[in-house]
Every structure is written in structure tokens, then in C-alpha cells.
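Straight run, no breaks: the sequence shown in full-length UniProt numbering ends on number 237.
Below: the structure, in C-alpha cells.
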Amino acid sequence: MNDDFFSIERMMEYFPKILAKFPISLYVVFVSTLLALILGTVLAVIRVKKIPVLHQFAGIYISFFRGTPILIHIFLVYYGIPLLLNVIFGSNVASGWPKLIFVFLAFGMNEGAFLAEHIRAAILSVPRGQTEAGHMVGLTGFQTFRRIVLPQAFRVLLPGLSAMIVGLLPATALVYMLGIIDMMGMITVISYSTQHSLEGYADAALIFVAASIVLEKGSSILIKKLNYGRKPVDGSL
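Here is the structure:
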């Protein structure tokens, strides 16, 4: 193969520089997942409880974010939030915000919509008798939800949550669209100075694949550990 087209040597040379930017992707995944869990839980509870007005709003929100590309959400958040805050507060409040803040919000809002349905299904999978048992021993509604429902629902949610995280990791490559120098940004920087980018994309692909495999294996081990020795719940005392 012609070295001008693709070179293993260049690939090895670029690899450390590109790998050095991988923590940005992990950072986005971690923070966005936390935001998505919080938002998804709120939306799921609203849907389960069928709270008037909020129930309809949650349905529209979920449909919108599940039916539109994440790239649109990134730009809507990046350009829309500063405009909205400017209208509300009369000043450019978000002008000094780091671009990663908008990335966290966009991915968190997007993934929260997907997680909401998984969380709702997980909550509904817990037998009603478990909730009634909590009330019988004097727990409040919130205490019952936190101590009894959530721990059991989390086991049901974990496979879907793990799949979401694995899918979110490669999607973080889109943060480069806002000018953030992640792995994709570093590839562009390298290509400007060397006129070669194919090796950089090969490096990034290897990193994403390796990280995805690690996440999948890790989540599989965690799922097995949490479900080890677990007996089916029938809702009886």
C-alpha cells in the first residue's frame, strides 16, 4: 500500500495525541449520564403518576427528543439557551459559559428522554404489593419509592442504561461541531499540519471500539453480580 495513502507508522505516531483527548469523551458520557438519570427519573415518575398537564408535557418532550437527531439538540441548546436567558434576564448570561456546559445539557436532555421510558418500564415492573408493603410498615410514599421501588427497578433498568452508555460514547464525537478539541478535533489539527487524516480516524475508531468492548464487558459483569442469587419477586410478604 502506498505510504502516501495510509501509513502504519503515522497511525502509531498520531495515536498518543488522539488518545490524550479521549478523557473528554468519557467526561461527557459521565456527566451527561448523571443528568439523563435525573431527568429521566423525573419524567418517568410524572408519566407513571399521570400528573395533569405535566404528563402531557412529558409525552411531548419525550417524543420530540426521541424523534430528532442529537446534532439538532446540540445546536438548539448551544444557540437557543443563550437567547432564552437573554429574553428572561435581559442580559447575555450564558456568554461566558464553557462549551462543554451546552454539550452536557444537550446530551443529558436527549438521553434523558430515552431513559425515561426505560425507567418507567422498570418502575412498573416492581409488583404493586411491594409498594403496599412499604406503606403497611409506616413508610411514606417517597420513602417507599426510594427504599423499595428504586433498588428493584434499577436492576431492571441496568441493561438498558448500559446500552445507552455504550451508544452515547461514539456519539460524543459530535462535540467537535462546537469547536471542542476532542479526538475528532485533534485529528483535524493533525491533518492541517500533515495533510493526512485517515490514520487519525483509524486510531479513533480503535479507541472507540476498545472502550465500547470494555464498557459492555464491565456492564455485563455488574448485571450478573447484581442479579446473583436474586429470587423472583412476587409481591408477597
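Think of the CB as a built atom: it goes at the ideal place given N, C-alpha and C, for glycine as much as any other residue.
Report the CB separation of Glu111 from Ala36 in whole angstroms; it is logged as a contact under 8 angstroms.
The residue you call residue 111 lines up with position 111 of the sequence shown. The residue you call residue 36 lines up with position 36 of the sequence shown. Their Cβ separation, rounded to whole angstroms, is 4 angstroms, which keeps Glu111 and Ala36 in contact under 8 angstroms.
Rounded straight-line distance, which links the Cα of Leu124 to that of Phe65
On the sequence shown, position 65 is the one that residue 65 refers to. On the sequence shown, position 124 is the one that residue 124 refers to. Distance between the alpha carbons of Phe65 and Leu124: 22 angstroms.
Could you tell me the alpha carbon to alpha carbon distance between His55 and Ile46, rounded to whole angstroms?
Along the sequence shown, one-based indexing puts residue 55 at 55. Along the sequence shown, one-based indexing puts residue 46 at 46. Computed Cα separation, rounded: 6 angstroms.
Looking at the structure shown, is Ile214 part of a helix, part of a strand, or coil, going by DSSP?
Within the sequence shown, the letter at position 214 stands for residue 214. Per the sequence shown, residue 214 should be read as Val rather than Ile. Residue state, collapsed to three classes: helix.
With a threshold of 7 angstroms on Cβ separation, who are the neighbours of Asn227 within its own chain once the five nearest residues in sequence on each side are excluded?
Taking the first residue of the sequence shown as position 1, residue 227 is located at position 227. Excluding sequence neighbours, Asn227 sits near Arg155.
Using the C-alpha atoms, what's the distance from Leu85 back to Ser193?
Residue mapping note: residue 193 aligns to position 193 of the sequence shown, counting from 1. Residue mapping note: residue 85 aligns to position 85 of the sequence shown, counting from 1. For Ser193 and Leu85, the distance between alpha carbons rounds to 39 angstroms.
In three-state DSSP terms, what is Gly229?
Here residue 229 refers to the residue found at position 229 of the sequence shown. Caution is warranted here: a pLDDT of 49 is assigned to Gly229, below 50, making its placement in the model unreliable, and no coordinate value can be reported.
Identify every run of the alpha helix (DSSP H) within the region 88-167, keeping only runs that are complete inside it and at least 4 residues long; order them along the chain.
99-125, 128-136 and 141-144
Assuming Leu100 contacts Ile180 under a Cβ cut-off of 8 angstroms, what Cβ separation, rounded to an integer in Å, is found between them?
Here the question's residue 100 lines up with position 100 in the sequence shown. Here the question's residue 180 lines up with position 180 in the sequence shown. 7 angstroms between Cβ atoms; contact.
Counting C-beta neighbours from all protein chains within 10 Å, is the total for Asp182 16 or more, i.e. buried, or is it exposed?
Taking the first residue of the sequence shown as 1, we reach residue 182 at position 182. The residue is buried, with at least 16 neighbouring Cβ atoms inside 10 Å.
Backbone secondary structure at Lys224 - three-state DSSP
Counting from 1 along the sequence shown, the entry for residue 224 is found at position 224. Lys224 falls in the helix class under three-state DSSP.
Would Lys21 be called buried (16 or more neighbouring beta carbons within 10 Å of its own) or exposed?
Here residue 21 corresponds to residue number 21 of the sequence shown, with the count starting at 1. Per the 10 Å Cβ criterion, buried.
Relative to the C-alpha of Ser25, which candidate in Glu199, Leu169 and Ile18 has its C-alpha closest?
The sequence position of residue 25 within the sequence shown is 25, counting from 1. If we check each option's Cα against that of Ser25, Leu169 comes out closest.
Sequence-distant residues of the same chain with beta carbon closer than 8 angstroms to Gln143, five excluded per side:
Here the question's residue 143 lines up with position 143 in the sequence shown. Same-chain partners within the cutoff: Gly134.
So what's Asp4 in DSSP terms, helix, strand or just coil?
Numbered from its first residue, the sequence shown carries residue 4 at position 4. Asp4: coil per DSSP, three-state reduction.
Cα-Cα, which of Lys217, Ser219 and Ala171 is closest to Ala204?
For the purposes of this step, residue 204 is taken as the residue at position 204 of the sequence shown. Ranking Lys217, Ser219 and Ala171 by Cα distance to Ala204 puts Ala171 first.
Terminal residues of the continuous alpha helix (DSSP H) containing Gln56?
By one-based count along the sequence shown, residue 56 stands at place 56. Element bounds for Gln56: Leu54 to Gly67.
For Ser236 and Val149, I'd like the C-alpha separation in whole angstroms.
Position 236 of the sequence shown, counting from 1, holds the residue named residue 236. Position 149 of the sequence shown, counting from 1, holds the residue named residue 149. Note on Ser236: pLDDT 42, under 50, position unreliable in the model; the coordinate value appears next. The alpha-carbon atoms of Ser236 and Val149 are separated by roughly 14 angstroms.
With a CB to CB cut of under 6 angstroms and the five nearest residues on each side skipped, what residues in its chain are close to Trp97?
Working through the sequence shown from its first residue, we reach residue 97 at position 97. Contacts found: none.
Please report the straight-line C-alpha distance between Thr68 and Asp4, rounded to a whole angstrom.
Looking up residue 68 in the sequence shown gives position 68. Looking up residue 4 in the sequence shown gives position 4. Rounded to the nearest angstrom, the two C-alpha atoms are 40 angstroms apart.
Considering only their Cβ atoms, is the gap separating Leu39 from Val77 smaller than 8 angstroms?
Numbered from 1 along the sequence shown, position 77 holds the residue referred to as residue 77. Numbered from 1 along the sequence shown, position 39 holds the residue referred to as residue 39. Going by C-beta atoms, Val77 is not nearer than 8 angstroms to Leu39.
According to DSSP, simplified to helix, strand and coil, what is Ile180?
Indexing the sequence shown from 1 puts residue 180 at position 180. Reduced to three states, the DSSP call for Ile180 is coil.
To the nearest angstrom, how far is it from the Cα of Met11 to the Cα of Leu19?
Stepping through the sequence shown from its first residue, residue 11 is reached at position 11. Stepping through the sequence shown from its first residue, residue 19 is reached at position 19. If you take the alpha carbons of Met11 and Leu19, they lie about 12 angstroms apart.
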